Amino acid sequence: MHKPFVYVDADSCPVKQEIVSTCAAYHVPVRFVTTINHLSGESDENWIVLDPMDQAVDWYILNRVRPGACVVTQDLALATLLTAKDVTVITPRGEQITDADADEILLRKHIRIQNQRQGKRIKGPSKLTAADKQRFLEFFSSYCRKMQEFDGRC
13 MHKPFVYVDA DSCPVKQEIV STCAAYHVPV RFVTTINHLS GESDENWIVL DPMDQAVDWY
73 ILNRVRPGAC VVTQDLALAT LLTAKDVTVI TPRGEQITDA DADEILLRKH IRIQNQRQGK
133 RIKGPSKLTA ADKQRFLEFF SSYCRKMQEF DGRC
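The numbering used here numbers the first residue of the sequence shown as 13 and each following residue consecutively.
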């Protein structure tokens, strides 16, 4: 059985280097998926570069991910779709998204869209901290270690 890939929604992922080093240490295959508009120099066989169409990265990942895989994304709507496919989803802040989070995530998105339509200013996420990166590394390393130990059957 082959290990599932780790897919990274790389358009604005702030932990790419951490993912590269962790996947290399545990021999876990990784695919960074981005649009040409967000490509910032780093490109090798681990990079999938797509045309700059709306939701191109999301659709690519959704169509290729398999149960047992892991996806790193900040896109919480995408995360809710992935958890239904038995995929481990982790944010760059080290938070795991589960099926139990889906209703709340979609409700918050609905409220945010309503507020935007009313012209209300929407505050973005806070800046990624060192503690966020550390939490990400701890969770992601644990996931990769399990993949290595169970040869992809975790």
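Idealized CB from N, CA, C, for every residue including glycine.
Being a predicted model, the structure only gives us computed values, none of them experimental.
Residue Val-20 holds the alpha-carbon nearest to the alpha-carbon of Ile-73 among Thr-141, Asn-58, Ala-143 and Val-20. Taken atom to atom, the span from the alpha-carbon of Met-159 to that of Glu-107 is near 19 Å. Pairwise C-beta distances place the stretch 120-135 out of contact with the stretch 55-73, as fewer than three of them are shorter than 8 Å.
Asp-144 and Phe-151 have their alpha carbons spaced roughly 11 Å apart. Between the C-alpha atoms of Leu-118 and Cys-35 there is a straight-line separation of about 31 Å. In the structure shown, the three-state DSSP call for Gln-29 is helix.
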